[in-house]
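Enquirer:
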Amino acid sequence: MRKSKPDLNPLYQWYAREHRKLPFRETRDPYRIWVSEIMLQQTRVAAMLERYNQFIRRFPNIESLAKSSEEEVVLMWQGLGYYSRAKNLRKGAQLVTERWRGKFPDTKEEALLIPGIGDYTASAVLSISHNSAYAAFDGNVRRVTARLFYPEAQNDRAARKKAQEVLSGAEPGMHNQAMMELGAVICVPGLPACDRCPISADCNAFSQGGRELAARIPAKQKKEKLEVQMDFYSIEQGERVILVQDPEARFLPGHWMFPSRLRMTGIDRVTPGFSGVVLREALGTIKHTITKHSIAGHLWRAGPPFDLSRVSWREVRKSELRDVLASSLGLKLARLIPET
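The sequence shown begins at 1233 in the numbering used here and counts up one residue at a time.
(1) CB-CB under 7 Å to E1269, same chain, minus the five flanking residues each way: which ones, in chain order?
(2) Measuring CB to CB, does L1515 end up less than 8 Å from L1568?
(3) How is the beta strand (DSSP E) around F1464 delimited, first residue to last?
(4) Should Q1310 go down as buried or exposed, given a rule of 16 or more other Cβ atoms within 10 Å for buried?
(5) For T1339, is the classification buried or exposed, using 16 other Cβ atoms within 10 angstroms of its Cβ as the cut-off for buried?
(6) May I ask which residues mark the beginning and end of the beta strand (DSSP E) holding L1399?
(7) I'd like the list of long-range same chain contacts for K1235, defined as Cβ closer than 7 Å, with 5 residues on each side in sequence excluded.
(8) Does the distance from the CB of G1324 to the CB of R1375 come in under 8 Å?
(9) Can you round the beta-carbon distance between Y1465 and S1492 to whole angstroms, since I take them to be within the 8 Å contact cut?
(10) By how many angstroms is the C-alpha of G1535 removed from the C-alpha of Q1470?
(11) Pairs of beta-carbons, one from the region 1381-1390 and one from the region 1441-1457, closer than 8 Å: are there three or more?
(12) Taking the beta carbon of P1262 as the centre, do at least 16 other beta carbons fall within 10 Å, making it buried, or is it exposed?
(13) Report yes if the C-beta distance between R1549 and R1501 is below 8 Å; otherwise report no.
(14) What number of angstroms, rounded off, separates the C-alpha of M1233 from the C-alpha of M1412?
(15) Under a Cβ-count criterion, where at least 16 other Cβ atoms within 10 Å of its own Cβ denotes burial, should S1316 be classed as buried or exposed?
(16) Which one of E1303, R1276, Q1274 and R1264 has the shortest CA to CA distance from I1288?
(17) By the DSSP assignment, the alpha helix (DSSP H) with H1407 in it spans what residues?
(18) Does the Cβ-Cβ distance between I1518 and G1529 come in under 8 Å?
(19) Quick one: grab the DSSP three-state call for V1376.
(20) Report the rounded CA-to-CA distance for S1432 versus A1447, giving the unit in angstroms.
(21) From L1380 to F1438, what distance separates their C-alpha atoms?
(22) Can the beta-carbon of P1421 be found closer than 8 Å to that of S1364?
(23) Between which residues of its own chain and L1272 is the CB-CB distance below 7 Å, once the five residues before and five after are set aside?
(24) Using a threshold of 8 Å, state whether the C-beta atoms of R1443 and L1423 are closer than that.
(25) Based on Cα-Cα distance, which residue from I1527, K1564, V1510 and Q1396 lies nearest to R1482?
(26) Who are the near neighbours of E1513 in its chain, counting only those whose CB is closer than 8 Å to its CB and skipping five residues on each side?
(27) Using a Cβ-Cβ cut-off of 8 Å (strictly less than) and excluding sequence neighbours within five positions of L1344, which residues of its own chain qualify?
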């Protein structure tokens, strides 16, 4: 059995030499690190990078984001999904502007007051920007720690404790980024690339059972899937289509979207004012996943009766639908509508 605290110097040397050159890695600006961490929640680096660069060009600092409209921020988030992240980011920028004069707070207690920021994000931002000694505990670090300290760190509590312990004596920002990078590119889910790992000699899982044992750690949790049936209504007035904002919608509340009916176990809900709509023509079907929901969607050309007084609505040219519908779900549906 190896010593209780592994030698992580080879990890730090590997990170300095091999880490991916990403714009949010080349800065200590807490705002830019904050934006990147929020975007990376539920989103891969390759999928968010272009949108991150565009977002920073449009909102280069906390003050510019605080002054923006929610609709503008959501549009700049287009394609990343989980739009509550964008809304909370804007609300957070407003709070930082009002409470800390536009300067991101330098303590975790204060950072946790910001909408959308939890323990991981606060730890990541503060450790990277201020070198504060907080271990950033995301899925990558969870996996690296569980394998490194097998079998001691198989539950979250034990793994968090170990993650904080190995931070001692290191430069926090560099340490956290090295641990996250290792989990992202080498100590990956499934079979890790142990032959390229700079700390495989100190990894308990590898020393006790090789890649095959490491691949089984941590144990996968079975995810429940919820089947959802949705009918979406394309109500057309010439070259224009009616979109609505439904603040009580299960998915994308408050976003511009087609009126719809949602059915799943125990739920049958129609956009207010559209329960009597007449289905005229099937335009197509889509498949979409939102968190644990598996959506089978059907788009219908539909007509009255409906009551627009019960919901916020607008008419949008068919050619402009993709500019207004911020979600990937909406864009899938828009592609089913002929422009002429």
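Beta carbons: idealized from backbone N, C-alpha and C, even for Gly.
Expert: In brief:
(1) T1353, A1356 and V1357
(2) yes
(3) L1458 to Q1469
(4) buried
(5) exposed
(6) Unbroken run through L1399 is the alpha helix (DSSP H), D1388 to L1399; no beta strand (DSSP E).
(7) For K1235, the predicted model reports a pLDDT of 49, less than 50, meaning its position is unreliable; a value from the coordinates is still stated below. If we look at K1235 and ignore the five residues flanking it on each side, it has no Cβ neighbours.
(8) no
(9) 7 Å
(10) Rather than Gln, the amino acid found at residue 1470 in this sequence is Gly. Computed Cα separation, rounded: 12 Å.
(11) yes
(12) buried
(13) no
(14) For M1233, the pLDDT reaches just 48, beneath the cut-off of 50, and the residue's location in the model is therefore unreliable, although a value from the coordinates is still provided. In a straight line, the C-alpha of M1233 is about 25 Å away from that of M1412.
(15) exposed
(16) R1264
(17) P1404 to V1417
(18) yes
(19) helix
(20) 13 Å
(21) 8 Å
(22) no
(23) M1280
(24) yes
(25) I1527
(26) W1532 and R1533
(27) G1350, D1351 and A1354
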